[in-house]
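Visitor:
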């Protein structure tokens with residue numbers, strides 16, 4: 093789903109809308125802007141209607157809409173804000189839906205209750221009833237998944253929204269925007285939980301580079317969305333209209349106000365809005381209703397695998413990859429990707445004067461901080477190994493062509509072959525972690541791979557030459573931290589000696605380690 097902004101320029105009581113393409117006139121300084129506006133005003137005053145002696149200055153504009161345009165015009169030049177966010181909610185149908193599990197009287201009572209505790213106009217109407225019942229009838233599986241994801245995202249959203257005095261219910265907007273996917277990308281390039289375009293993200297301080305896309309950063313993108321929504325509310329003075337403007341642009345909203353004869357309620361101007369915006373607020377309100385009354389409709393609320401408040405960040409002091417962090421902390425790379433979605437290549441760069449952070453589960457961040465020097469030394473050693481012949485120039489017999497199966501993901505495949513996610517991505521030119529069933533991957537395995545139907549539960553144990561000791565795994569231990577306690581011992585050594593294929597350890601587990 094995508095949406096597009098139209099930004100109006102009001103000159104001498106005439107609404108002159110930008111086209112769907114971005115205006116290319118830059119904002120330089122106030123003197124130039126004033127001069128440009130003054131010349132344009134003079135030229136507009138000279139216009140006469142063909143066949144009519146009435147001067148254009150005698151035409152009357154809607155006073156309320158004109159004031160909104162004036163406010164937005166000021167904001168436009170103050171922030172050089174030329175948004176082209178494009179979001180669509182065109183699939184919505186407003187036909188009656190047969191869903192006897194939710195009687196109309198019950199829905200009316202619940203919407204009235206919801207209206208009393210939110211600043212949005214949550215009033216019953218047949219169109220909203222249709223959307224709510226359609227979602228409940230046809231999207232239960234997707235809604236349950238979103239409810240599960242929301243347990244992680246919503247506490248963070250609420251904290252940032254509250255910082256800017258934004259209604260906490262705006263958290264449901266991210267569901268309409270991105271389905272709570274931090275790396276969601278629309279067909280026109282809008283990216284992240286809040287679907288910022290490249291230029292918009294830059295204007296709100298979101299860094300976008302080859303390594304990093306802060307439009308996917310959980311905190312920074314939410315802060316940017318809060319700032320923008322706060323400005324829209326300051327202009328329109330109504331949250332329904334502010335959301336409509338977030339979707340299609342302030343210009344389309346003010347035009348709808350004019351065309352409706354000056355009405356200021358969203359539902360009274362909806363028929364004059366673009367189709368996607370006409371469905372945008374109903375989709376938002378329908379999600380709000382379902383989430384607020386989720387349990388009444390049989391949805392379950394689960395504790396997330398990782399709660400937002402069970403994580404913390406550490407500022408990186410040297411370039412490091414999520415693969416490397418996974419190896420030294422024992423945290424699955426998939427979890428690290430989930431917690432750090434703004435790093436496009438799974439690499440956290442180190443750039444002077446930039447503040448790039450790594451988000452980790454709180455139970456491993458202490459070990460990371462306490463062993464930073466060793467960890468960065470390990471990462472540097474790994475990077476130093478990169479200047480070697482590429483695997484594609486090796487003998488073809490070292491190469492495996494793997495066909496992606498149902499249930500596969502990069503982390504799983506990498507563990508099966510004893511390689512890293514970043515290596516598979518490099519060998520196959522992958523820019524994201526997405527795979528499709530049947531896709532062919534080129535892999536240069538570090539260990540033999542057996543097809544899924546005959547995979548054994550444990551690896552063959554490699555004998556230890558010389559004396560061995562038994563090490564008891566402690567709480568907080570990882571394979572890497574254990575290897576650091578024994579000079580000359582690597583993570584792979586411990587795996588080979590104990591027949592271990594994954595990085596997961598449990599307190600009390602016994603490991604055999606060579607004393608030599």
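In the working numbering, the protein residues as written are 93 to 608. Just so you know, even glycine gets a beta-carbon here, dropped at the ideal spot from N, CA and C. Nothing here was measured: the structure is a model prediction, and the numbers come from that model.
#1: May I have the straight-line CA-CA distance separating residue 405 from residue 596, to the nearest angstrom?
#2: What number of angstroms, rounded off, separates the C-alpha of residue 205 from the C-alpha of residue 455?
#3: Residues in its own chain within less than 7 angstroms of residue 420 by CB, not counting five upstream and five downstream?
#4: Looking only at C-alpha atoms, which of 564, 203, 534 sits nearest to residue 217?
#5: Let me know the secondary structure DSSP gives residue 450 once reduced to three states.
#6: Does the segment 284 to 296 come within contact of the segment 348 to 355, defined as at least 3 CB pairs closer than 8 angstroms?
#7: Using the Cα positions of residue 423 and residue 417, report the straight-line distance between them to the nearest angstrom.
#8: So does residue 287 have its beta carbon nearer than 7 angstroms to some heavy atom of the ligand FAD?
#9: In the DSSP output, which residue or residues are listed as bridge partners for residue 602?
#10: Going by the CB atoms, is the gap between residue 493 and residue 532 shorter than 8 angstroms?
#11: Counting only the same chain and skipping the five closest in sequence on each side, list residues whose C-beta sits under 8 angstroms from that of residue 227.
#12: My assumption, with CB atoms under 8 angstroms, is that residue 266 sits in contact with residue 249. Please give the rounded CB distance.
#13: Does residue 485 come out as helix, strand or coil in the three-state DSSP assignment?
#14: Hey, would you say residue 433 sits closer than 8 angstroms to residue 308, going by beta carbons?
#15: Looking at residue 413: is its Cβ nearer than 8 angstroms to the Cβ of residue 438?
#16: What is the rounded straight-line gap between the Cα of residue 483 and the Cα of residue 477?
#17: Once the 5 residues before and after residue 472 are set aside, which same chain residues still bring their CB inside 8 angstroms of it?
#18: Going straight from the alpha carbon of residue 263 to that of residue 425, what length do you get?
#19: In whole angstroms, what separates the C-alpha of residue 375 from that of residue 514?
#20: In this structure, what does DSSP give as the bridge partners for residue 407?
#21: If you check the beta carbons only, do residue 449 and residue 407 fall under 8 angstroms apart?
#22: The beta strand (DSSP E) with residue 529 in it runs from where to where?
#23: Using the C-alpha atoms, what's the distance from residue 277 back to residue 147?
#24: For residue 507, tell me which candidate among 395, 452, 592 has the shortest Cα-Cα distance.
#25: Could you check the C-alpha separation between residue 299 and residue 524 for me, to the nearest Å?
#26: Spatial neighbours of residue 252 within its chain, please: CB distance less than 6 angstroms, with the 5 preceding and 5 following residues excluded, ordered by chain position.
#27: On the DSSP bridge list, what partners appear for residue 493?
#28: Just to confirm, are residue 247 and residue 401 a CB contact at a threshold of 8 angstroms?
#29: Taking the alpha-carbon positions, what's the residue 169 to residue 537 distance?
#30: Spatial neighbours of residue 522 within its chain, please: C-beta separation below 6 angstroms, excluding the five flanking residues on both sides.
#31: Could you give the DSSP three-state label for residue 174: helix, strand or coil?
#32: Between the alpha carbons of residue 462 and residue 567, how many angstroms are there, rounded?
#33: If you draw a straight line from the C-alpha of residue 582 to the C-alpha of residue 444, how long is it?
#34: Looking at the strands, I want to know which residues DSSP matches up with residue 330.
#35: From residue 457 to residue 427, what distance separates their C-alpha atoms?
#36: Excluding the 5 residues flanking residue 156 on each side, which residues of the same chain have their C-beta closer than 7 angstroms to its C-beta?
Guide: From the atom records:
#1: Stepping through the chain shown from its first residue, residue 405 is reached at position 313. Stepping through the chain shown from its first residue, residue 596 is reached at position 504. So the alpha carbons of these two residues sit roughly 22 angstroms apart.
#2: Position 113 of the chain shown, counted from the first residue, corresponds to residue 205. Position 363 of the chain shown, counted from the first residue, corresponds to residue 455. Rounded to whole angstroms, residue 205 to residue 455 spans 41 angstroms at the Cα level.
#3: Numbered from 1 along the chain shown, position 328 holds the residue referred to as residue 420. Residues 467, 470, 570, 572 of the same chain have their beta carbon placed closer than 7 angstroms to that of residue 420, with the five preceding and five following residues left out of the count.
#4: Position 125 of the chain shown holds residue 217. For the residues 564, 203, 534, the minimum Cα distance to residue 217 belongs to 203.
#5: Taking the chain shown and counting its residues from 1, the one referred to as residue 450 is at position 358. In the structure shown, residue 450 sits in a strand (DSSP, three-state: E or B).
#6: No: fewer than three Cβ pairs fall under 8 angstroms.
#7: By 1-based counting over the chain shown, the position of residue 423 is 331. By 1-based counting over the chain shown, the position of residue 417 is 325. Rounded to whole angstroms, residue 423 to residue 417 spans 8 angstroms at the Cα level.
#8: Absence of the ligand FAD from the depicted structure is noted, as is the absence of any ligand whatsoever, leaving it without description.
#9: Stepping through the chain shown from its first residue, residue 602 is reached at position 510. Beta bridge pairing from DSSP links residue 602 with 564.
#10: Position 440 of the chain shown, counting from 1, holds the residue named residue 532. Position 401 of the chain shown, counting from 1, holds the residue named residue 493. Yes. Within cutoff.
#11: Working through the chain shown from its first residue, we reach residue 227 at position 135. Answer for residue 227: 235, 378, 379, 382, listed in chain order.
#12: Here residue 266 corresponds to residue number 174 of the chain shown, with the count starting at 1. Here residue 249 corresponds to residue number 157 of the chain shown, with the count starting at 1. About 7 angstroms separates the beta carbon of residue 266 from that of residue 249, a gap short enough to meet the 8 angstroms contact definition.
#13: Sequence index remark: in the chain shown, residue 485 carries index 393 (1-based). Caution applies to residue 485, whose pLDDT of 47 falls short of 50 and renders its modelled position unreliable; the model cannot decide the point.
#14: To locate residue 433, count along the chain shown from 1; it is residue 341. To locate residue 308, count along the chain shown from 1; it is residue 216. In this structure, residue 308 lies closer than 8 angstroms to residue 433 by Cβ.
#15: What you label residue 413 is simply residue 321 of the chain shown in a count that begins at 1. What you label residue 438 is simply residue 346 of the chain shown in a count that begins at 1. Residue 413 places its beta carbon less than 8 angstroms from that of residue 438.
#16: In the chain shown, residue 483 corresponds to position 391, counting from 1. In the chain shown, residue 477 corresponds to position 385, counting from 1. Because the pLDDT at residue 483 is just 49, under 50, the model does not fix this residue reliably, and the value given afterwards should be weighed accordingly. The alpha-carbon of residue 483 is positioned some 13 angstroms away from that of residue 477.
#17: In the chain shown, counting from the first residue as 1, residue 472 sits at position 380. By the criterion of a C-beta distance shorter than 8 angstroms, residue 472 is surrounded in its chain by 410, once the five residues flanking it on both sides are discounted.
#18: For this step, residue 263 is matched to residue 171 along the chain shown. For this step, residue 425 is matched to residue 333 along the chain shown. Between residue 263 and residue 425, the C-alpha separation is close to 27 angstroms.
#19: Locating residue 375 in the chain shown gives position 283, where the first residue counts as 1. Locating residue 514 in the chain shown gives position 422, where the first residue counts as 1. Whole-angstrom Cα-Cα distance: 38 angstroms.
#20: Looking up residue 407 in the chain shown gives position 315. Beta-bridge pairing links residue 407 to 449.
#21: Numbered from its first residue, the chain shown carries residue 449 at position 357. Numbered from its first residue, the chain shown carries residue 407 at position 315. Yes; because the gap between Cβ atoms is below 8 angstroms, this pair is in contact.
#22: Sequence index remark: in the chain shown, residue 529 carries index 437 (1-based). Segment: none, residue 529 is in no beta strand (DSSP E) and carries neither H nor E.
#23: Looking up residue 147 in the chain shown gives position 55. Looking up residue 277 in the chain shown gives position 185. Any reading at residue 147 must be qualified, since the residue scores a pLDDT of 42, below 50, and its modelled position is unreliable; the value itself is stated next. The straight-line gap from Cα to Cα measures roughly 48 angstroms.
#24: Start at 1 with the first residue of the chain shown, and residue 507 comes out as number 415. The shortest C-alpha separation from residue 507 is found at 592.
#25: Within the chain shown, numbered from 1, the residue matching residue 299 stands at position 207. Within the chain shown, numbered from 1, the residue matching residue 524 stands at position 432. Take the alpha-carbon of residue 299 and the one of residue 524: they are about 19 angstroms apart.
#26: Along the chain shown, one-based indexing puts residue 252 at 160. Counting only residues of its own chain and dropping the five nearest sequence neighbours on each side, residue 252 has a CB closer than 6 angstroms to the CB of 314, 315, 318.
#27: Residue numbering aside, residue 493 sits at position 401 when the chain shown is read from its first letter. For residue 493, which the question treats as bridged, DSSP gives the partners 534.
#28: Numbered from 1 along the chain shown, position 155 holds the residue referred to as residue 247. Numbered from 1 along the chain shown, position 309 holds the residue referred to as residue 401. Against a cut-off of 8 angstroms, the Cβ pair of residue 401 and residue 247 comes out as a contact.
#29: Numbered from its first residue, the chain shown carries residue 169 at position 77. Numbered from its first residue, the chain shown carries residue 537 at position 445. Confidence at residue 169 is low in this model, with a pLDDT of 37, below 50, so its placement is unreliable and the value that follows should be read with caution. Roughly 56 angstroms separates the two Cα atoms.
#30: In the chain shown, counting from the first residue as 1, residue 522 sits at position 430. So the list is empty, once near-sequence residues are dropped.
#31: Here residue 174 is taken as the residue at index 82 of the chain shown, counted from 1. Legend: pLDDT at residue 174 = 24, less than 50; position of this residue unreliable, no value from coordinates given.
#32: In the chain shown, counting from the first residue as 1, residue 462 sits at position 370. In the chain shown, counting from the first residue as 1, residue 567 sits at position 475. C-alpha separation (whole angstroms): 15 angstroms.
#33: Residue mapping note: residue 582 aligns to position 490 of the chain shown, counting from 1. Residue mapping note: residue 444 aligns to position 352 of the chain shown, counting from 1. Going by the C-alpha atoms only, they are around 32 angstroms apart.
#34: Locating residue 330 in the chain shown gives position 238, counting from the first residue. Under DSSP, residue 330 takes part in no beta bridge, so it has no partner.
#35: Counting from one through the chain shown, the residue named residue 457 turns up at place 365. Counting from one through the chain shown, the residue named residue 427 turns up at place 335. Cα to Cα, residue 457 sits roughly 14 angstroms from residue 427.
#36: Working through the chain shown from its first residue, we reach residue 156 at position 64. For residue 156, the CB contacts under 7 angstroms within the same chain, skipping 5 residues up- and downstream, are 349, 354, 356 in chain order.
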